[in-house]
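What follows is a short report on a single structure.
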Amino acid sequence: MANTKLNKALNEQIKHELDSSYLYLSMASYCETINLDGFASWMKNQSIEEYEHAMKFYNFLHERGAEVELLPIDKPPKSFGSTLELFEKALENEQKVTKLIHKLYEAALEENDYPAQVMLHWFIEEQVEEEDMVRTIIEKLKMVGTQGAAILMMDRELAKRGE
Ligand SMILES: [Fe+2]
Ligand SMILES: [Fe+2]
């Protein structure tokens, strides 16, 4: 079970999830600097979820006695333009992660690794939900616009997450 191609890719996924966590944290920080506390709070929640995703892969590898080797994580951008651009960047990142999860699943099929397939089902569904959630926010931002009162209304709505 130790050094399969899949285990190596699962270990790399820890880094990709932490990259996402770090990206959302940077987005949160950007939102704080432009005084959008609701947006910032939404991003912080998302950052924590991505950390939890990383830990699911970490725990799965340890449970099967496979090696965990933490890889360097990427430096995220510091500023993101409008709130619409912010969520478009988030969607782009989620779509990238979805592709990675699908690749992991393909490797699990190739290696007849049934426990990994079961574990990855959760991630396949989670990615559908996350992309949908981000896409809905993008559509709402396009609807209300990214200026003035509309953005304050969105800020209040996003603040509700995690209440
Ligand atoms: Fe994730
Ligand atoms: Fe995600």
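Take -14 as the starting number for the sequence shown in our numbering and just add one per residue.
Heads up, the beta-carbon is just placed ideally off N, CA and C, and yes, glycines get one too.
So, helix, strand or coil for ILE109, using DSSP?
Secondary structure of ILE109 (DSSP, three-state): helix.
DSSP state of PHE42, grouped into three classes?
helix
Any heavy atom of ligand 2 closer than 6 Å to the beta-carbon of GLU79?
yes
Environment of ligand 1 in chain order, Cβ to heavy atom below 6 Å:
GLU2, SER5, GLU35, HIS38, VAL82
Between the stretch 44 to 64 and the stretch -12 to 1, are three or more C-beta pairs nearer than 8 Å?
These segments touch.
Can you give the beta carbon distance from GLN31 to TYR9, rounded, assuming they're within the 8 Å contact cut?
4 Å
For GLU114, name the three-state secondary structure that DSSP assigns.
helix
Apply the 10 Å Cβ neighbour rule to GLN132 and answer buried if 16 or more other Cβ atoms are within range, or exposed otherwise.
exposed
Using 8 Å as the threshold, is the stretch 102 to 120 in touch with the stretch 72 to 87, meaning 3 or more CB pairs across them?
yes
Which runs of the alpha helix (DSSP H) at least 4 residues long sit entirely within the stretch -9 to 78? Give them in chain order.
22 to 48
Residue range of the alpha helix (DSSP H) that includes ASP140
133 to 144
Any 3 or more C-beta pairs closer than 8 Å across the stretch 129 to 144 and the stretch 8 to 24:
yes
Taking buried to mean at least 16 other C-beta atoms within 10 Å of its own C-beta, is HIS38 buried or exposed?
buried
Straight-line Cα distance separating ALA92 from SER67:
38 Å
Evaluate ASN97 with the Cβ neighbour count: other Cβ atoms within 10 Å of its Cβ, from every protein chain shown; 16 or more gives buried, anything less gives exposed.
Taking a 10 Å sphere around the C-beta of ASN97, we find fewer than 16 other C-beta atoms and assign the residue as exposed.
So what's GLU124 in DSSP terms, helix, strand or just coil?
helix
If we ignore side chains and look at the alpha-carbon of each, how far apart do ASP149 and TYR15 end up?
The requested residue 149 does not occur in the structure, where the chain is confined to residues -14 to 148.
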